[in-house]
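Residue numbers (the numbering used here): 477 to 754.
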């Protein structure tokens, strides 16, 4: 085990994340401008895409991190049957769910039931398809709908807050099924699908368009919230949520609902581009 991986096990994840949560919302200009400038320079963030291109104009770091893009910078694939990428970033893995197991990295996998926190909810995806997208600090951090769907339930699953950077994904067993996460269940034209927003170290913070800030607070046990009968329908490509710091999105699809295009690991992707076809 290398030192970076060792640190993932011994660091006080939630305590650090609470500190960073407040630090990224501090409006003190010298602090927030230094922090934003550091990320823009080190990660070569393309501010020309943002509605507000001036890094110093943001109220605090989190406002910059969750920045909106100019109209037209991201557009959905023109084919109405295209399955859309839900986030900017890179493909971590994508492919078949084999007998309920999802491939994480070489030598690592986890079950759909572990990820969703529910054996029954995982049953429709037993031999379906999955796509895992990793968002780095340079990426646009809003998550959009891959398909049109009606929200049926969210499940806040408690857990650790390991890094989701490639070094950790390759080394930490069942990482995505161990991190704090929000599972969003939808019913679409061709059956159910799930969009899982996985938290990461240094602010596991997730917001949705229907509930606002959901994480934190961090969960001590599984928290379910039913949306049955509330008619919350989101169209394909609509914004559904955002990470207040970077992380990972996992899309689960049942068999026969959509086919995936070839998506090799580390392929760069953008919100709205075609990743398959329903």
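Glycine included, each C-beta is placed from N, C-alpha and C at the ideal position.
Please check the pair residue 591 and residue 653, which I expect to be a contact at CB under 8 Å, by giving their CB distance rounded to whole angstroms.
As a first step, residue 591 is located in the chain shown; it is residue number 115 there, counting from the start. As a first step, residue 653 is located in the chain shown; it is residue number 177 there, counting from the start. Right, their Cβ atoms sit about 5 Å apart.
Taking the straight line between their C-alpha atoms, what separation do you get for residue 624 and residue 506?
In the chain shown, the residue the question calls residue 624 occupies position 148. In the chain shown, the residue the question calls residue 506 occupies position 30. Answer to the nearest angstrom: the Cα atoms are 42 Å apart.
Flag residue 539 as yes when its Cβ comes closer than 7 Å to any non-hydrogen atom of the ligand NAD, and as no otherwise.
Within the structure as shown, the ligand NAD is missing, as the structure has no ligands at all.
In terms of residue numbering, what span does the alpha helix (DSSP H) encompassing residue 628 cover?
Numbered from 1 along the chain shown, position 152 holds the residue referred to as residue 628. Segment 625 to 633 is the beta strand (DSSP E) holding residue 628; no alpha helix (DSSP H) there.
Bridge-paired residues (DSSP) for residue 701:
Within the chain shown, the letter at position 225 stands for residue 701. Note: residue 701 sits in a beta bridge opposite 630.
Determine whether the beta carbon atoms of residue 611 and residue 544 lie at a separation below 8 Å.
Counting from 1 along the chain shown, the entry for residue 611 is found at position 135. Counting from 1 along the chain shown, the entry for residue 544 is found at position 68. No, the Cβ-Cβ distance between residue 611 and residue 544 is not below 8 Å.
Per-residue burial, residue 656 [other beta carbons within 10 Å of its own, 16 or more giving buried]
Taking the chain shown and counting its residues from 1, one reaches residue 656 at position 180. Buried: at least 16 other Cβ atoms inside 10 Å.
With which residues is residue 569 paired in a DSSP beta bridge?
Reading the chain shown from its first residue, position 93 is the one you call residue 569. Bridge partners of residue 569: 608.
Within the segment 661 to 725, note down every full beta strand (DSSP E) run reaching 3 residues or more, in order along the chain.
667 to 674, 682 to 684, 688 to 691, 699 to 702 and 715 to 719
Considering only the beta carbon of each residue, do residue 631 and residue 659 sit closer than 8 Å?
On the chain shown, position 155 is the one that residue 631 refers to. On the chain shown, position 183 is the one that residue 659 refers to. Closer than 8 Å, so yes.
Nearest by alpha-carbon distance to residue 576: which of 531, 663 and 603 is it?
Locating residue 576 in the chain shown gives position 100, counting from the first residue. Among 531, 663 and 603, the Cα nearest to that of residue 576 belongs to 603.
Is the segment 570 to 586 close to the segment 500 to 517, with three or more CB pairs under 8 Å?
no
Grouping DSSP H, G and I as helix and E and B as strand, with all else coil, what is residue 503?
Indexing the chain shown from 1 puts residue 503 at position 27. It is coil, neither helix nor strand.
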